[in-house]
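Residue numbers (the working numbering), protein chains in the order written: chain R, 76 to 338; chain H, 408 to 808.
Just so you know, even glycine gets a beta-carbon here, dropped at the ideal spot from N, CA and C.
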């Protein structure tokens, strides 16, 4: 089985407890980082879009903006792989409730924001990005599958790729089946070659069982409460001194990641 | 610029849509210019429009072991998988390469949201899902791919691409990258979307649905007809099947313009087209047929007709087949890929059904009626909300650019 080697140039992170990747570093170092404001800032969006955008879009764009800023790259040149296990749950809840009650009243704006690629659509519009962009999902393996897709694209096309994985809190009756207790989003800028901007080198190897590496609390609880937080073992490696972890990339397939810190 | 792509063999393919189940039914409908559209008889409340509904989905029974996945979208997926010997071809690939060496990459726009809609229509007394609806896996957008992975007993990389109406075109690109990098030896690609209230009333709210059968590229076109479909293809290296038709190239690009309106100059569509031609090592003049996105929305058809006129000589024939199937959304990419492959296999350029009074913006490229000619190279365009564009290039076995 071939190994994929990619280089991380930027990391974005947002949850109700963690404003960014630095907050995760602080937490893992024993500090108590201040909680962010309740609504992700998503400063990449123009102000009028920011006011109107659904929370799922704000979350994805917030972490994307953080990661791209850290990488120092031009957002317009990055291919985009955005992932979410459940998409915009508030809109799905709204749409299903409205369709059950009075279907003719469905909001056209909420409908076009319901597409799984809404966040990446808003991102490409805000950044003037004409590069390939995609929106994917794979249930609890969404982050792992997105990492595989993004690394494949980085290596096959020899270009830098922005990877985003985010899920919001569950809404309405739908929340019972999605089990998302709180929002979580993360982003990585991946490059095919090492550069002065590289923070770490990832060697990805398919073929392990789909196991989740164990985590300390509160990370373990956060992971249980949001499928996008399946990324936490890798984020913890990036925040620390390297090492290895395993992530599910499909229901029956795992990915081993060996991470070497080069920063 | 992308590098020249090593072509892949399309060793099996199949489609099920309003034209019928399987390739023979699809070819027969194309040859006889027979539309599969009918007056809407499926939404939970009346909506005056036409739909491309697949007959018999309601009667499909999933194998007992897969019963927990039951919903309209997965029934249509199972119906589609059972056509044209596709299950057997995947089984053979699984045996040859190993279950973890075959990727499964499927596109869908709404997956089994119809099941979630149903759960909301009959919530129990305390406002929660009824017991028979408490099946988390069918209320997630990965429902389709997870079900098909179980049905095909595949254990390799598995992901859902959901970029609205370009979804099941983009899976070809993901598959090519994974095969090129040696992550897998083969890939099952495709997509399924089913008629449901979300898309019927959603597109209706955007005032994009025609009250009549859709008329792509017609001067009087007034919107789309929504359809449902399932389609699949098996991709392998050409060494495995030298006599199979080929995936020659693909292109992907973003408009960066608007969430629900295409770029006025077709910028992303043209970038995707150029990307596909460059990977395939093709000059535009080598393209014999292009299956257009051609939804019958005002804007899409205007932008796409201008693109065809700008890029291709008139010997390149062009048509939309949405008049046969309706717009099958996330399944449109794979269905129209199979039509492009049938154009190559059978020497048939399908006519642009519904374009009875051609929009003057359309050049002499348009095949308004069926045309019989040899087709060596065929393209398929797929564009989605969010300005998401994809283009696929196919060629007959042995074709060298």
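In the structure shown, residue 137/R falls within a helical segment according to DSSP collapsed to helix, strand and coil. Nearest C-alpha to residue 261/R among 103/R, 82/R, 157/R: 157/R.
Taking 8 Å as the cut-off between beta carbons, the residues of the segment 251 to 277 of chain R near chain H are 251, 252, 253, 254, in sequence order.
The beta carbon of residue 519/H sits closer than 6 Å to the beta carbons of 478, 480, 545, 550 from its chain, once the five residues preceding and following it are set aside; these are given in chain order.
At a cut-off of 8 Å between beta carbons, residue 568/H contacts chain R. Less than 8 Å separates the beta-carbon of residue 693/H from that of residue 808/H. When the five nearest sequence neighbours on each side are left out, the beta carbons in the same chain lying within less than 7 Å of the beta carbon of residue 591/H are those of 508, 509, 510, 563, 564, 585, in order along the chain. For the segment 198 to 214 of chain R, the residues whose beta carbon sits under 7 Å from a beta carbon of chain H are, in order, 199, 200, 203, 204, 205, 206, 207, 208, 209, 210, 211, 212, 213, 214. Contact check for residue 804/H against residue 651/H passes: the beta carbons are separated by less than 8 Å. Spanning the alpha carbons of residue 308/R and residue 560/H requires a straight line of approximately 29 Å. For residue 601/H, the closest Cβ of chain R is not nearer than 8 Å.
Note that the C-beta distance between residue 547/H and residue 643/H is not below 8 Å. According to the DSSP assignment, residue 280/R belongs to the beta strand (DSSP E) that extends over 275 to 283. A straight-line Cα-Cα distance of about 18 Å links residue 571/H and residue 678/H.
The DSSP assignment places 259 to 266 as complete runs of the beta strand (DSSP E) inside the segment 246 to 271 of chain R, in order along the chain (cut-off: 3 residues).
For residue 574/H, the enclosing alpha helix (DSSP H) stretches over residues 574 to 587.
The C-alpha of residue 617/H lies about 20 Å from the C-alpha of residue 712/H. The closest CA to that of residue 554/H, considering only 217/R, 120/R, 213/R, is found on 213/R. Note that the C-beta distance between residue 636/H and residue 461/H is below 8 Å. At least one beta carbon of chain H lies nearer than 8 Å to the beta carbon of residue 324/R.
Beta-carbon to beta-carbon, residue 659/H and residue 267/R are separated by about 18 Å, too far to satisfy the 8 Å threshold. The beta carbon of residue 798/H does not come within 8 Å of any beta carbon belonging to chain R, so the residue lies off that interface. Ranked by Cα distance from residue 325/R, the options 118/R, 105/R, 286/R, 182/R are led by 286/R.
Residue pairing from DSSP places residue 457/H in a beta bridge opposite 446/H. Between residue 767/H and residue 626/H, the alpha-carbon positions lie close to 7 Å from each other. In chain order, 516, 548, 569, 570, 571 make up the part of chain H whose C-beta sits under 8 Å from the C-beta of residue 191/R. Residues of chain H with a Cβ closer than 8 Å to the Cβ of residue 167/R are, in chain order, 520, 523. Residue 794/H sits close to residue 196/R, with the two beta carbons spaced by under 8 Å. Contact annotation: the segment 182 to 193 of chain R does not touch the segment 222 to 237 of chain R, with fewer than three C-beta pairs closer than 8 Å.
Within the same chain, 660, 661, 662, 794, 796 come within 6 Å of residue 675/H by CB-CB distance, once the 5 residues on both sides are set aside. Contact between residue 697/H and residue 786/H holds: their C-beta atoms lie close to 4 Å from each other, under 8 Å. Look at the segment 670 to 701 of chain H and you find these whole runs of beta strand (DSSP E), each 3 residues long or longer: 696 to 698.
Rounded to the nearest whole angstrom, the C-alpha separation of residue 467/H and residue 316/R is 54 Å.
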